[in-house]
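Shown next, in structure tokens, is the structure this report addresses.
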Amino acid sequence: MANDIRVRYAPSPTGLPHIGNIRTALFNWLFARHHGGKFIVRIEDTDRERLTPGAVEGILDGLEWLDIDWDEGPGVGGDYGPYFQSERLPRYQEAANRLIGQGDAYRCYCTRERLARARAEQERNKQAIGYDGYCRNLTDEQRRELEAEGTPSVVRFAMPDSGVTQLHDLIRDDVEWRNELVDDFVLIKSDGFPTYHLAVVTDDHLMRISHVLRAEEWLSSAPRHLQLYRALGYPPPLYGHLPMILGPDRAKLSKRHGATSILEYRDDGYLPDALRNFMVLLGWSLDDKTEVMPIATMLENFTLDRVGKPAAIFDREKLSWMNGVYIRGMDAEELADAMLPHLNRDLPAELLPVDRDYLLRIAPLVRERLKLVSESADMTAYFFEEQPEYDPANLVQRGMTQEETAAALRNTAENLATADFAAPVLEELLRAASEELGLTPRRFFGTLRWAVTGRNVSPPLFETMEVLGRERVAPRLQAAIDRLSGNSGAG
RNA sequence: GGCGCAUUCGUCUAGCGGCCCAGGACACCGCCCUCUCAAGGCGGAGAUCAGGGGUUCGAAUCCCCUAUGCGCUACCA
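FYI, the numbering for the first sequence is 1111 to 1601, going by this note's numbering.
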């Protein structure tokens, strides 16, 4: 039975997928992998007007970035293709014709104007809004006439006007709708393309989809789909409607909520593993305390009974925290590789290319300070710069005089002229100097930090100096001395 | 307006009748560590379990009503 499990992610290339979208893909993928089933990707490109160039590539890139692989679909093929709905038109046409022949569907010649008027009328009268069934009872003669005139038409499904449609949802249990309250929805648009409803039912059947896991926004469509299955004589799949993901304003996620595309998260410095871990927690939980977990744990434990019902609000702060957790869990190689693309993008061109061996030594120093990999350039620029820019006034720490500061710098320059540039050695040396100079470590190291990094915040001083090396530290100390005594215009 | 779904700390959540006068995490506050910033450790504040009725010896957990939020209500998905 497990091997019959086939689920799909069926994005519409009308834009780039956002978090909610990808979360649905993630859940389907986890479900398939957990049960040893198949995960299929199908592109629902039936809306020619909203088709967005590059969207398919963006969707696929996003999945790949997150390491979500598919068994059938674009690029990999499969036994039930094609996997683009725009290449499957005859199948929908055939289904629609069959339904018309059976009396379960009919051609509708209503103009958009008439539809709009009817809707406005319904709104005015506070009636249920929906297609009024005008064309449902056209006589054969009327239809022949309309056809002869070449009137454009759509195909509508004839919903039963009595009875109820019941769904046993895998996540929401039993839900039912009175059929008379569901209107005759469109199956085939006037351009000959199917609507989502017809296409999804036809393809899920043809592709042997066993479980449909989709966002809750589709719950209202379930009775339509169930009725279509009935009319077509197909056994329906099992449904599970996943909780939605809302923006901070509690509204459905959209462009207004910042980063829309999953790929933007990559550019913003999030790690795929962190994002995936964060997303799995949006509507699913392992237990009462485990949040950070490797993919293997998710795979092993992902079951629908642990998927929740309430919609979740997407909290970027927690995502950032988790990203930091993942960054801290990387070794120097991994972190360096993650930082490199951001450095190449953000560092001034003259500082490129970055020496990877050097980066390998820098990475551990910033590891526990990075929340986003995109902060790499900001946080490490002074490692690459010839001479960091800063206001010399910063060298003089609160409670120190300019003379003291200059003396401290000169002392250090001398001290380090021949010193072994290893953190423990530097620390011993400089702590002793701090005492000799009668300066608190806070002040003394504060001055040195400015001189060496050009900042008031950096990784631990001695480690930083070790990585920078004498060849970079010595000139910076000299520059600081010069700046302090006004001997140099630099600054 | 109609239909549907949902409702536990600000947020993500644990809880599927007694272990809960509700546990964990993010964020927040304090202390410790400390050369700065982080990270880390410890502690704190924060939820009358939306409200009201039931059922039960016993309810966050089951039922009903109300309220609120969200979704759908397109020849979009």
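From the three backbone atoms N, C-alpha and C, an ideal C-beta is built for every residue, glycine too.
For this session: Give the DSSP-derived three-state secondary structure of residue 1212 in the structure shown.
Result: What you label residue 1212 is simply residue 102 of the first sequence in a count that begins at 1. DSSP places residue 1212 in helix when its eight states are reduced to three.
Exercise. Going by other Cβ atoms of all chains shown within 10 Å of its Cβ, with 16 needed for buried, is residue 1288 buried or exposed?
Worked result: One-based indexing of the first sequence puts residue 1288 at position 178. Exposed: under 16 other Cβ atoms inside 10 Å.
For this session: Tell me where the alpha helix (DSSP H) around residue 1431 begins and ends.
Result: The residue labelled residue 1431 in the question sits at position 321 within the first sequence. DSSP places residue 1431 in the uninterrupted alpha helix (DSSP H) bounded by 1426-1438.
For this session: Could you check which residue in 1593, 1532, 1322 and 1471 has the C-alpha nearest to that of residue 1501?
Result: Stepping through the first sequence from its first residue, residue 1501 is reached at position 391. Taking only the C-alpha atoms, the option nearest residue 1501 is 1593.
Exercise. Would you call the CB atoms of residue 1514 and residue 1475 closer than 9 Å?
Worked result: By 1-based counting over the first sequence, the position of residue 1514 is 404. By 1-based counting over the first sequence, the position of residue 1475 is 365. No, they are not a contact pair.
For this session: Give me the Cβ distance between residue 1271 and residue 1290, rounded to the nearest whole Å; I'm assuming they're in contact under 8 Å.
Result: Residue mapping note: residue 1271 aligns to position 161 of the first sequence, counting from 1. Residue mapping note: residue 1290 aligns to position 180 of the first sequence, counting from 1. So it is a contact: roughly 5 Å between Cβ atoms.
Problem set entry | Chain-order list of residues whose beta-carbon lies under 7 Å from that of residue 1462 (same chain, five-residue window excluded) | Reading the first sequence from its first residue, position 352 is the one you call residue 1462. Answer for residue 1462: 1454, listed in chain order.
Problem set entry | residue 1287 beta carbon near the ligand HEM (any heavy atom closer than 8 Å) | Absent from the structure shown: the ligand HEM. Ligands present: none.
For this session: To the nearest angstrom, report how far apart residue 1374 and residue 1211 are at their CA atoms.
Result: Within the first sequence, the letter at position 264 stands for residue 1374. Within the first sequence, the letter at position 101 stands for residue 1211. Spanning the two alpha carbons is a distance of roughly 48 Å.
Problem set entry | Buried versus exposed, by CB contacts within 10 Å (16 or more), residue 1562 | Locating residue 1562 in the first sequence gives position 452, counting from the first residue. Counting Cβ neighbours within 10 Å, residue 1562 comes out buried, since at least 16 surround it.
Exercise. Should residue 1169 and residue 1389 be called a contact, given that it needs their Cβ atoms to be closer than 9 Å?
Worked result: Along the first sequence, read from residue 1 onward, the residue named residue 1169 stands at position 59. Along the first sequence, read from residue 1 onward, the residue named residue 1389 stands at position 279. Residue 1169 places its beta carbon 9 Å or farther from that of residue 1389.
For this session: Go ahead and label residue 1147 buried or exposed: buried means 16 or more other beta carbons lie within 10 angstroms of its beta carbon, across all protein chains shown.
Result: Counting from one through the first sequence, the residue named residue 1147 turns up at place 37. That one is buried.
Problem set entry | Buried versus exposed call for residue 1586 [16 or more other C-beta atoms within 10 Å across all chains shown] | The residue you call residue 1586 lines up with position 476 of the first sequence. Buried.
Problem set entry | Extent of the continuous alpha helix (DSSP H) run through residue 1250 | Sequence index remark: in the first sequence, residue 1250 carries index 140 (1-based). Judged by DSSP secondary structure, residue 1250 falls within the alpha helix (DSSP H) whose first and last residues are 1250-1258.
Exercise. Between residue 1125 and residue 1589, what straight-line distance do the alpha-carbon atoms span, to the nearest angstrom?
Worked result: Position 15 of the first sequence, counted from the first residue, corresponds to residue 1125. Position 479 of the first sequence, counted from the first residue, corresponds to residue 1589. Looking at the two C-alpha atoms, the distance is approximately 52 Å.
Exercise. Three-state secondary structure (DSSP) at residue 1119?
Worked result: Locating residue 1119 in the first sequence gives position 9, counting from the first residue. Secondary structure of residue 1119 (DSSP, three-state): strand.
For this session: Just the C-alpha distance for residue 1111 and residue 1142, rounded to the nearest angstrom, thanks.
Result: As a working mapping, residue 1111 is identified with position 1 in the first sequence. As a working mapping, residue 1142 is identified with position 32 in the first sequence. A caution first: residue 1111 carries a pLDDT of 48, below 50, which makes its placement in the model unreliable, though a value can still be read off. For residue 1111 and residue 1142, the gap between their C-alpha atoms comes out near 12 Å.
Exercise. Over what stretch of residues does the alpha helix (DSSP H) that includes residue 1232 continue unbroken?
Worked result: The residue labelled residue 1232 in the question sits at position 122 within the first sequence. Element bounds for residue 1232: 1222-1234.
Problem set entry | Within 9 Å, strictly: CB atoms of residue 1363 and residue 1280 | Counting from 1 along the first sequence, the entry for residue 1363 is found at position 253. Counting from 1 along the first sequence, the entry for residue 1280 is found at position 170. Taking C-beta atoms as the reference points, residue 1363 and residue 1280 fail to come closer than 9 Å.
For this session: Identify the continuous alpha helix (DSSP H) that holds residue 1315 and give its terminal residues.
Result: Here residue 1315 is taken as the residue at index 205 of the first sequence, counted from 1. Segment 1306-1316, the alpha helix (DSSP H) holding residue 1315.
Exercise. Can you give, in chain order, each stretch of the alpha helix (DSSP H) that sits fully within the stretch 1337-1388 and has at least 4 residues?
Worked result: Runs of the alpha helix (DSSP H) lying entirely within the stretch 1337-1388 and spanning at least 4 residues, in chain order: 1372-1377.
Problem set entry | DSSP three-state assignment for residue 1322, whether helix, strand or coil | Against the first sequence, residue 1322 aligns to sequence position 212. Strand.
For this session: Go ahead and pull the three-state DSSP assignment for residue 1278.
Result: Your numbering for residue 1278 matches position 168 in the first sequence. Correct three-state label for residue 1278: strand.
Exercise. For the alpha helix (DSSP H) that residue 1450 lies in, which residues bound it at each end?
Worked result: On the first sequence, residue 1450 is found 340 positions in, with the first residue counted as 1. Under the DSSP assignment, residue 1450 falls in the alpha helix (DSSP H) whose first and last residues are 1442-1456.
For this session: For residue 1601, collect the residues of the same chain with a Cβ closer than 6 Å to its Cβ; drop the 5 residues on either side in sequence, then sort them by chain order.
Result: Here the question's residue 1601 lines up with position 491 in the first sequence. Reliability of the predicted coordinates at residue 1601 is poor, the pLDDT of 39 falling under 50, and the value obtained from them is presented with this limitation in mind. Once the five neighbours on either side are set aside, the close Cβ partners of residue 1601 are 1502 and 1593.
Exercise. Whole beta strand (DSSP E) runs in the stretch 1146-1204 with 3 or more residues, listed along the chain?
Worked result: Considered as a whole, the stretch 1146-1204 harbours 1148-1151 as its complete beta strand (DSSP E) runs of no fewer than 3 residues, in chain order.
Exercise. Using the C-alpha atoms, what's the distance from residue 1227 back to residue 1235?
Worked result: Residue 1235 sits at position 125 when you count from the first residue of the first sequence. Residue 1227 sits at position 117 when you count from the first residue of the first sequence. Cα to Cα, residue 1235 sits roughly 12 Å from residue 1227.
Exercise. Is the CB-CB distance between residue 1516 and residue 1595 below 9 Å?
Worked result: Walking along the first sequence from the start, residue 1516 turns up at place 406. Walking along the first sequence from the start, residue 1595 turns up at place 485. Judged by their CB atoms, residue 1516 and residue 1595 are nearer to each other than the 9 Å cut-off.
For this session: Might you give, ordered along the chain, the residues of its own chain that have their beta carbon closer than 7 Å to the beta carbon of residue 1354, omitting 5 neighbours on each side?
Result: Walking along the first sequence from the start, residue 1354 turns up at place 244. Hits under 7 Å: 1130, 1325, 1326, 1327, 1362 and 1421.
Problem set entry | Cβ pair residue 1472, residue 1577 closer than 9 Å | To locate residue 1472, count along the first sequence from 1; it is residue 362. To locate residue 1577, count along the first sequence from 1; it is residue 467. Between residue 1472 and residue 1577, the CB-CB gap stays under 9 Å.
Problem set entry | Among 1568, 1530 and 1416, nearest to residue 1491 - alpha-carbon criterion | Position 381 of the first sequence, counted from the first residue, corresponds to residue 1491. It is 1568 whose Cα lies nearest to the Cα of residue 1491.
For this session: Pull up the distance between the alpha-carbon of residue 1244 and that of residue 1220, whole angstroms please.
Result: As a first step, residue 1244 is located in the first sequence; it is residue number 134 there, counting from the start. As a first step, residue 1220 is located in the first sequence; it is residue number 110 there, counting from the start. Their Cα atoms are separated by approximately 8 Å.
Exercise. Residue 1396 by DSSP, collapsed to three states: which one?
Worked result: Counted from its first residue, the first sequence places residue 1396 at position 286. In the three-state scheme derived from DSSP, where H, G and I count as helix and E and B as strand, residue 1396 is classed as coil.
Exercise. Sorted by chain position, which residues of the same chain lie with C-beta nearer than 6 Å to residue 1672's C-beta, five sequence neighbours on each side aside?
Worked result: Any property of residue 1672 remains undetermined from this structure, which presents the chain solely from 1111 to 1601.
Exercise. How big is the Cα-Cα spacing for residue 1404 and residue 1542?
Worked result: For the purposes of this step, residue 1404 is identified with residue 294 of the first sequence, where counting begins at 1. For the purposes of this step, residue 1542 is identified with residue 432 of the first sequence, where counting begins at 1. Distance between the alpha carbons of residue 1404 and residue 1542 is about 46 Å.
Problem set entry | 7 Å CB neighbourhood of residue 1446 in its chain, flanking five on each side removed | Looking up residue 1446 in the first sequence gives position 336. These residues qualify, in order along the chain: 1466, 1469, 1470 and 1473.
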